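S.K.: Here's a structure for you.
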Amino acid sequence: MSQAQIHDRGYLGYDGPRHGTRRAMMNLSYHTVQRVLGLKRSNWQKVLPTISLLIAFIPAIVFIGIAAFLPRGDELGLDSTADYYGIITGALFLFTAFVAPEAICTDRRSGMLGLYLASPLSRDTYLVAKFAAVAAVLGAMTLGPPLLLLIAYTLAASGPDGVDGWLIELGRILASGTAVAVFWTALSLALSSLTTRRSLASVGIFVGLLASSAVGDGLAEGAEIGDSFALFNLIGLPFEAVSRIFGEVEPEGAPLNQVDTWAIYMTLVGLIVAFGWFARWRYQRIEVDG
Amino acid sequence: MSDIVISARGVQKSYGSNHVLQGLDCDVGRGITGLLGPNGAGKSTFMGLILGLRPRQGGTLNVLEVDPDQSGPELRARLGYAPEHHDLPGDVQAADLVRHVAQLHGLPRRAATERASDALWQVGLGEERFRPIGTMSTGQRQRVKMAQALAHDPDLLLLDEPTDGLDPVQRDDMLALIRRVGREFDIDILLSSHLLEEVERVCDSVVILANGVVGHSGALDELGSSAAGMRVELDGDPQPLVAALAARGAEAAIDGHILTVTGIDAVGDLVRDLVADLGLGLRRLEPRRTTLEDVFIEASL
Numbered sequence: 028m029s030q031a032q033i034h035d036r037g038y039l040g041y042d043g044p045r046h047g048t049r050r051a052m053m054n055l056s057y058h059t060v061q062r063v064l065g066l067k068r069s070n071w072q073k074v075l076p077t078i079s080l081l082i083a084f085i086p087a088i089v090f091i092g093i094a095a096f097l098p099r100g101d102e103l104g105l106d107s108t109a110d111y112y113g114i115i116t117g118a119l120f121l122f123t124a125f126v127a128p129e130a131i132c133t134d135r136r137s138g139m140l141g142l143y144l145a146s147p148l149s150r151d152t153y154l155v156a157k158f159a160a161v162a163a164v165l166g167a168m169t170l171g172p173p174l175l176l177l178i179a180y181t182l183a184a185s186g187p188d189g190v191d192g193w194l195i196e197l198g199r200i201l202a203s204g205t206a207v208a209v210f211w212t213a214l215s216l217a218l219s220s221l222t223t224r225r226s227l228a229s230v231g232i233f234v235g236l237l238a239s240s241a242v243g244d245g246l247a248e249g250a251e252i253g254d255s256f257a258l259f260n261l262i263g264l265p266f267e268a269v270s271r272i273f274g275e276v277e278p279e280g281a282p283l284n285q286v287d288t289w290a291i292y293m294t295l296v297g298l299i300v301a302f303g304w305f306a307r308w309r310y311q312r313i314e315v316d317g
Numbered sequence: 004m005s006d007i008v009i010s011a012r013g014v015q016k017s018y019g020s021n022h023v024l025q026g027l028d029c030d031v032g033r034g035i036t037g038l039l040g041p042n043g044a045g046k047s048t049f050m051g052l053i054l055g056l057r058p059r060q061g062g063t064l065n066v067l068e069v070d071p072d073q074s075g076p077e078l079r080a081r082l083g084y085a086p087e088h089h090d091l092p093g094d095v096q097a098a099d100l101v102r103h104v105a106q107l108h109g110l111p112r113r114a115a116t117e118r119a120s121d122a123l124w125q126v127g128l129g130e131e132r133f134r135p136i137g138t139m140s141t142g143q144r145q146r147v148k149m150a151q152a153l154a155h156d157p158d159l160l161l162l163d164e165p166t167d168g169l170d171p172v173q174r175d176d177m178l179a180l181i182r183r184v185g186r187e188f189d190i191d192i193l194l195s196s197h198l199l200e201e202v203e204r205v206c207d208s209v210v211i212l213a214n215g216v217v218g219h220s221g222a223l224d225e226l227g228s229s230a231a232g233m234r235v236e237l238d239g240d241p242q243p244l245v246a247a248l249a250a251r252g253a254e255a256a257i258d259g260h261i262l263t264v265t266g267i268d269a270v271g272d273l274v275r276d277l278v279a280d281l282g283l284g285l286r287r288l289e290p291r292r293t294t295l296e297d298v299f300i301e302a303s304l
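Residue numbers (my numbering), protein chains in the order written: chain P, 28 to 317; chain C, 4 to 304.
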């Protein structure tokens with residue numbers, strides 16, 4: 028057998044196919060999903076995303092188990108799928124405040140933003156790709172468990188009545204899960220765009236959300252200025268929107284319950300647009316030398 | 004491909020009241036071109052305009068026959084860029100980073116993986132390609148930056164201070180690599196630097212920026228042929244010769260033991276005759292050659 032080895036192939040040009048900007052965005056989104064989930068990173072980086080996903084999915088698995096293995100277990104489940112979003116608030120809060128900032132803060136701190144913007148990506152396509160990545164993971168948490176429950180209950184013959192009822196429930200889940208995921212993604216990117224430090228962004232989101240809840244409810248309830256001030260409660264707002272999507276209104280509940288449904292929806296959409304606009308505004312002004 | 008890689012006419016860029024580029028005109032041809040200038044001359048700003056990272060406020064700019072403001076994404080797919088900073092994500096393996104950037108520039112995953120590996124071998128990091136970047140030395144990180152700029156086979160490579168932070172040995176290696184990329188890989192390079200010596204060592208031509216405009220541009224080998232006067236080294240006191248030259252309308256500048264004589268034609272014959280008449284010892288008489296340093300200083304004034 029010959030012992031000959033090629034040690035240096037020399038430099039070879041590339042004449043193969045090249046994809047465009049859309050594929051670059053998909054690649055960046057995929058890479059970002061890997062980073063926020065801690066894949067290909069140290070075990071420590073996997074802890075928070077894993078906890079978030081477990082908090083989101085374990086209750087659904089428990090409910091499915093109860094329905095499947097306990098007699099009359101389906102009666103022990105949730106009154107409404109909307110209630111599930113209340114259960115996973117902690118998971119969404121944890122992910123939005125402590126994991127999602129990784130998506131954009133680190134790029135600016137590590138200089139990767141310069142490399143990204145020296146590629147076919149622009150500032151806008153970069154942000155869209157990042158938004159899609161964070162929304163995809165949050166969407167997995169807001170859509171995955173309710174869809175699992177719907178399928179499991181349907182298979183256990185305790186799901187919605189009839190095809191129409193099933194399709195309406197599916198539509199409500201898709202609308203609710205998407206609204207919550209998009210809202211928290213926009214909020215996270217907007218606040219994270221203010222700093223290159225992930226920890227600072229986390230503290231900002233954490234404190235900002237708690238403060239919004241205290242101020243919103245305080246103004247609406249404590250000062251009794253008006254129920255509409257409860258719309259400032261950024262923690263409660265998306266979950267109230269979910270309740271309205273599922274047709275649940277509790278007139279005697281918290282201040283947000285007293286607000287008109289159209290005001291809830293308009294505020295939610297308005298805030299998503301405002302957060303998105305703010306992140307874009309910030310990124311148009313960031314000086315990048317590479 | 005055209006012989007002109009970058010063509011700038013009247014390019015302007017300001018940040019508020021700070022006019023960084025004030026009507027920059029230059030043509031950058033094929034090969035390796037040095038972009039020289041003191042700190043604050045506008046090198047990084049010009050690089051940013053070439054990449055389309057920021058819009059210009061006046062003039063025309065064509066890079067690879069494309070306007071970066073109009074077709075930024077299409078243009079950047081054909082450019083490779085190694086930034087000045089040393090910060091790269093420390094927990095990412097070199098091979099993953101290079102493959103990722105190659106994919107962003109349009110390469111399919113399999114091709115990107117193969118070319119990332121090849122590029123890292125080419126820059127001398129073949130054995131180190133699966134190491135996290137955070138564990139690498141400054142020299143190795145500079146090579147990773149070079150590899151990520153090369154992997155997608157760009158038409159034009161933009162290198163911003165590629166030897167910054169390197170020790171002399173690493174610097175020699177990096178300059179050799181740049182020369183190899185320009186010569187053997189047939190990739191045109193624009194090398195931004197404030198170090199004259201490294202531009203002289205690797206570049207074919209130079210663009211010198213000063214005060215927001217081009218102070219000088221041209222091929223490096225044309226600099227030496229533009230003789231201007233003579234350099235004279237004497238044994239003993241040069242003052243009698245300086246006085247005699249001044250009496251005949253020549254200008255003589257003293258720098259240590261070296262006299263630089265300019266100002267009249269046939270200065271060599273005059274110096275020879277005066278040295279003989281004054282009985283001085285002549286050690287050296289040679290045509291004065293314009294150096295890059297001369298041009299740089301003149302352009303920066």
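Cβ atoms here follow ideal geometry from the backbone N, Cα and C, with glycine treated the same way. All values reported here derive from a predicted model rather than from experimental measurement.
Checking the sheet assignment: what are the DSSP bridge partners for Q96 (chain C)?
M.R.: C:P135.
S.K.: So, is the C-beta of Y38 (chain P) closer than 9 Å to a C-beta in chain C?
M.R.: Y38 (chain P) counts as touching chain C.
S.K.: Please classify E277 (chain P): does DSSP put it in a helix, a strand, or coil?
M.R.: Reduced to three states, the DSSP call for E277 (chain P) is coil.
S.K.: Distance check for Y112 (chain P) and E164 (chain C), CA to CA, integer angstroms please.
M.R.: Cα-Cα distance, rounded: 52 Å.
S.K.: Which one of P:L216, P:A247, P:P147 has the shortest CA to CA distance from L54 (chain C)?
M.R.: It is P:P147.
S.K.: What separation, rounded to the nearest whole angstrom, lies between the Cα atoms of E87 (chain C) and S10 (chain C)?
M.R.: In a straight line, the C-alpha of E87 (chain C) is about 23 Å away from that of S10 (chain C).
S.K.: Could you spell out the range, first to last residue, of the beta strand (DSSP E) harbouring P290 (chain C)?
M.R.: From DSSP, the beta strand (DSSP E) with P290 (chain C) extends over 284-290.
S.K.: Using CA atoms only, rank isn't needed, just tell me which of P:M53, P:F302, P:T77 is closest to L221 (chain P).
M.R.: Minimum Cα distance to L221 (chain P) is reached at P:F302.
S.K.: Name the chain C residues whose beta carbon is nearer than 7 Å to that of V315 (chain P)?
M.R.: What V315 (chain P) touches in chain C: L56.
S.K.: Find the residues of chain P that neighbour R186 (chain C), judging by a C-beta separation of less than 9 Å, and give them in chain order.
M.R.: The contacting residues do not exist; R186 (chain C) stays about 11 Å from chain P at best.
S.K.: Helix, strand or coil for K157 (chain P) per DSSP?
M.R.: Of the three classes helix, strand and coil, the one that applies to K157 (chain P) here is helix, per DSSP.
S.K.: M168 (chain P) and A208 (chain P) - do their beta-carbons sit closer together than 9 Å?
M.R.: Closer than 9 Å, so yes.
S.K.: Give me, in chain order, the residues of the same chain whose beta-carbon lies closer than 8 Å to that of S56 (chain P); leave out the 5 immediate sequence neighbours on both sides.
M.R.: Only A156, K157, A159, A160, A163 meet the Cβ criterion.
S.K.: Could you spell out where the beta strand (DSSP E) holding R234 (chain C) opens and where it closes?
M.R.: Segment 233-238, the beta strand (DSSP E) holding R234 (chain C).
S.K.: Which residues in chain C sit within 8 Å of T223 (chain P), going by Cβ to Cβ distance?
M.R.: By Cβ distance, chain C contributes nothing, its closest Cβ being about 11 Å from T223 (chain P), past 8 Å.
S.K.: Could you name the residues that DSSP lists as bridge partners for Q30 (chain P)?
M.R.: According to DSSP, which records beta bridges pairwise, Q30 (chain P) is partnered with nothing at all.
S.K.: On a CA-only basis, which of P:G171, P:T48, P:A184 is nearest P76 (chain C)? Give me that one, please.
M.R.: Measuring from the Cα of P76 (chain C), the nearest candidate turns out to be P:T48.
S.K.: With respect to the alpha helix (DSSP H) encompassing V242 (chain P), which residues constitute its N-terminal and C-terminal limits?
M.R.: From DSSP, the alpha helix (DSSP H) with V242 (chain P) extends over 225-244.
S.K.: I'd like to know if P44 (chain P) contacts chain C, where contact means its C-beta is closer than 9 Å to some C-beta of that chain.
M.R.: Yes, P44 (chain P) lies at the interface with chain C (some Cβ there is under 9 Å from its Cβ).
S.K.: Does the beta carbon of Q319 (chain C) come closer than 9 Å to any beta carbon on chain P?
M.R.: Any answer about residue 319 (chain C) is impossible in this case: the structure gives chain C only from 4 up to 304.
S.K.: Mapping the DSSP letters down to three states, classify N260 (chain P) as helix, strand or coil.
M.R.: Correct three-state label for N260 (chain P): coil.
S.K.: Under DSSP, the beta strand (DSSP E) around K16 (chain C) begins and ends at which residues?
M.R.: 7-18 is the span of the beta strand (DSSP E), which, as asked, contains K16 (chain C).
S.K.: Shorter than 9 Å from the beta carbon of H88 (chain C) to some beta carbon of chain P?
M.R.: H88 (chain C) counts as touching chain P.
S.K.: Please decide whether Q143 (chain C) counts as near chain P, where near means a Cβ-Cβ distance under 9 Å.
M.R.: Chain P, which has no Cβ nearer than 9 Å to the Cβ of Q143 (chain C), makes this no.
S.K.: From this set, P:T123, P:F125, P:E129, which residue's C-alpha is nearest P92 (chain C)'s C-alpha?
M.R.: It is P:E129 whose Cα lies nearest to the Cα of P92 (chain C).
S.K.: L180 (chain C) and E201 (chain C): beta carbons closer than 9 Å?
M.R.: No, the pair does not count as a contact, with Cβ atoms beyond the cut-off.
S.K.: With H, G and I counted as helix, E and B as strand and the rest as coil, what does DSSP make of T288 (chain P)?
M.R.: It is helical.
S.K.: Taking all protein chains shown into account, decide if P282 (chain P) is buried (16 or more other Cβ within 10 angstroms of its Cβ) or exposed.
M.R.: The residue is buried, with at least 16 neighbouring Cβ atoms inside 10 Å.
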